[in-house]
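One structure below.
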Amino acid sequence: MNFDDFFDSVSNETIYFNTKRKNNYHSQFLSNEALFQLPLISIIILLLAKDRRKPLVSEIGQLVGESIELSLPGFKGSAQHIGWSANLRIRTVKALSYLELTNLIGVEKSSNRVFVTELGKKVISKAMSNDSDLSYNLSRIANSYRNICVSKQLDLELE
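Here the working numbering = 1-based position in the sequence shown + 1181.
Okay, here's the thing in structure tokens:
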């Protein structure tokens, strides 16, 4: 169905929206968190899960924060320490839940690592294929994630 067909079909249909709220039903409009932060965090999780080094579920919040902190200029040298942010970790859990419910990622039961599904690979590949600010920043975040993994590996070898 194309754009024009959609609006033609909608104009011919009778559409009813129930605006009455019942006491036992709670509806909530999308907040700024749902509109801006969760999609960005979700796409970053997809990016990390697509890498060769699959992140542990328990480390995703910190890895997302550290990757953002190292790759985006507004967070470099900041006193906010976004890698340790409790709010970011809560939002990361929400993003993980969304990604898992939509079958964009999965969690290996034996190793507790996040992996990207074929559908998730298509989504992240589409985001990375465009010549846009998003693809540029995602490639910087991917490089930051690789640097974090290499740094952790070197630290383990030194001990």
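The beta-carbon is built from N, C-alpha and C at its ideal position, and this holds for glycine as well. Since this is a predicted model, take the numbers as computed values, not measurements.
CA-to-CA, the gap between V1238 and V1245 works out to about 11 Å.
For I1286, there is no enclosing alpha helix (DSSP H); the residue is found in the beta strand (DSSP E) stretching over I1286 to V1288. In this model, S1291 and K1231 are separated by some 18 Å (Cα to Cα). Among the bridge pairs identified by DSSP, L1277 is matched with none. Between the beta-carbon of R1272 and that of P1236 there is about 16 Å, and that puts the pair past the 8 Å contact cut. Cβ atoms of S1252 and N1318 come within 8 Å of each other, at about 7 Å. Between I1305 and the set A1323, K1275 and G1264, the nearest pair of CA atoms involves A1323.
Ranking M1309, S1313 and V1274 by CA distance to the CA of Q1218 puts V1274 first. Counting other Cβ atoms within 10 Å of its Cβ, L1229 reaches 16 or more and is therefore classed as buried. For V1238, no beta strand (DSSP E) encloses it, and the DSSP letter there is neither H nor E.
Annotation for F1296: the continuous beta strand (DSSP E) segment containing it runs V1295 to V1297. Here the alpha carbons of I1241 and G1287 stand approximately 13 Å from one another. E1247 counts as buried, since no fewer than 16 other beta carbons sit within 10 angstroms of its beta carbon.
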